[in-house]
Structure formats: C-alpha cells, structure tokens
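Using UniProt numbering, the first residue of the sequence shown is number 1, and each one after it goes up by one. Glycine is no exception: its CB is placed at the ideal position from the N, C-alpha and C atoms. Quantities reported herein were computed from a predicted structural model and do not represent experimental measurements.
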Amino acid sequence: MEQAHTVAVYPGTFDPLTVGHLDLIQRAAVLFGTVIVAVATAHHKKTLFSFDERIALVTQELAPFRNVRVHGFSGLVVEFASQHKASAMVRGIRSVTDYDYEAQLAGMNRTLCSAVDTVYLSADARYQAISSTLVREIAALGGNVGDFVTPSIHQALLQKFPKAPSQSTRSS
C-alpha cells in the first residue's frame with residue numbers, strides 16, 4: 001500500500017468526540033496518506049450537539065493533523081467514501097460486541113461498494129470503556145468527564161450542562 005496516495009474515511013456522529021476517537025484518528029493518520037473524518041448528520045438519533053457544532057468541534061480538535069480533513073455527510077457512508085476516492089473505511093473496535101456489529105456493516109458496505117475495504121483498529125486499552133453515549137450521560141448527571149475528552153470539548157459539554165443535578169439523599 002502506497003501511503004501517500006491512500007485515502008481512508010473514519011465516520012461517526014462524534015457527539016462528542018472523545019479521546020478514544022482521537023487516538024484512532026492519530027493512528028489512522030500514520031497508516032493512510034489522507035484521513036477524512038466524516039461527521040454524520042445522525043437523522044436517526046437525537047444528538048446533544050447540532051450537526052454544525054459537531055463539525056466545528058471536530059475541526060478544531062483535528063487542526064494540528066496535516067493529513068486529516070473533516071467533512072459532514074448524510075446518506076450512506078460507503079457512497080461518501082467512494083465519492084472521496086477512499087479505499088478504506090476505518091472503524092474502531094472496543095469489544096467483541098463492537099466487532100459483531102461492525103462485521104455486519106463491513107459486509108454490507110462491501111456489497112454496496114467493493115472498492116472500499118473496512119479496516120479495524122482495536123481501541124487502546126485505556127479507552128475501551130469510553131463511548132460518546134457514556135460521556136454524555138456522565139456529563140448530564142454532573143460527573144467529571146475531563147479524562148474522556150479534550151479540554152475544549154469538556155468546556156463545550158459544561159456549556160450544555162452548566163449545573164450538576166442535585167444529588168438525592170436517602171433519609172431513614
């Protein structure tokens with residue numbers, strides 16, 4: 001594989017972008033000439049951050065990476081990848097459950113567009129428990145998510161959840 005000419009797409013909703021996502025992007029940027037981080041519109045689920053907010057936050061975090069681009073998209077990710085002449089789609093795997101789901105997606109994507117292969121990167125052990133869903137839930141309940149996101153994403157989360165919910169106490 002000639003790295004300088006390879007394009008990979010790393011799709012997701014990134015609601016929010018976590019340190020686990022950043023680790024995968026950094027590793028993919030070493031493997032591929034260009035990595036396109038494709039921020040999905042996520043019509044199928046309610047997001048904390050709007051589409052434009054997610055694109056702006058991801059773009060800000062990835063600015064230091066020379067060979068990483070950020071694009072928003074809607075529709076089939078494999079079509080997006082094909083339109084951008086990507087030969088690979090990068091997917092992160094945290095667990096066997098992730099693999100089962102991702103293998104189904106990879107098979108369907110390969111059927112839809114045989115020119116795009118799926119490349120799995122195993123999550124670093126430090127990040128295996130981190131998911132955007134858990135980060136949102138912890139932040140909504142007033143927990144500290146500073147270890148799971150960058151400082152600027154943490155600030156964006158604090159703006160969404162300015163006050164921690166009051167702790168209920170049990171009395172006897």
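Using CA atoms only, rank isn't needed, just tell me which of the options is closest to residue i.
{"i": "ARG136", "options": "LEU158, ALA123 and SER152", "result": "LEU158"}
{"i": "ILE25", "options": "PHE161, PRO162, ARG94 and LEU121", "result": "LEU121"}
{"i": "PHE51", "options": "THR41, SER82 and THR111", "result": "THR41"}
{"i": "GLN83", "options": "ARG91, GLY92 and PHE73", "result": "PHE73"}
{"i": "GLY142", "options": "THR150, LYS163, VAL149 and GLN155", "result": "LYS163"}
{"i": "VAL68", "options": "GLY75, VAL30 and LEU48", "result": "VAL30"}
What do you get for residue i, buried or exposed, if any count of 16 or more other CB atoms within 10 angstroms of its CB means buried?
{"i": "THR18", "result": "buried"}
{"i": "TYR10", "result": "buried"}
{"i": "ARG126", "result": "exposed"}
{"i": "THR111", "result": "exposed"}
{"i": "ALA115", "result": "exposed"}
{"i": "HIS43", "result": "exposed"}
{"i": "VAL70", "result": "buried"}
{"i": "ASN109", "result": "buried"}
{"i": "GLY107", "result": "exposed"}
{"i": "residue 176", "result": "Residue 176 falls outside the range modelled here, since the chain spans only 1 to 172, and no answer is possible."}
Is the Cβ-Cβ distance between residue i and residue j less than 8 Å?
{"i": "ILE36", "j": "ALA86", "result": "yes"}
{"i": "MET89", "j": "THR118", "result": "yes"}
{"i": "ALA38", "j": "PHE80", "result": "yes"}
{"i": "GLU61", "j": "ILE153", "result": "yes"}
{"i": "GLY12", "j": "HIS5", "result": "no"}
{"i": "ARG94", "j": "ALA139", "result": "no"}
{"i": "LEU48", "j": "LYS160", "result": "yes"}
Pull up the CB-CB distance for residue i and residue j, whole angstroms please, since I reckon it's below 8 Å.
{"i": "ASP15", "j": "ARG54", "result": "6 Å"}
{"i": "VAL7", "j": "PHE32", "result": "7 Å"}
{"i": "CYS113", "j": "VAL145", "result": "About 36 Å separates the two Cβ atoms, so there is no contact after all."}
Kindly indicate if chain B contains any beta-carbon less than 8 Å away from that of residue i.
{"i": "LYS45", "result": "Among the protein chains of the structure shown there is no chain B, as only one such chain exists."}
Unbroken beta strand (DSSP E) runs of length 3 or more, entirely within the segment 45-115: which are they? 68-73 and 88-93
Residue ranges of each alpha helix (DSSP H) run of no fewer than 4 residues wholly in the segment 119-162, ordered along the chain? 132-140 and 151-160
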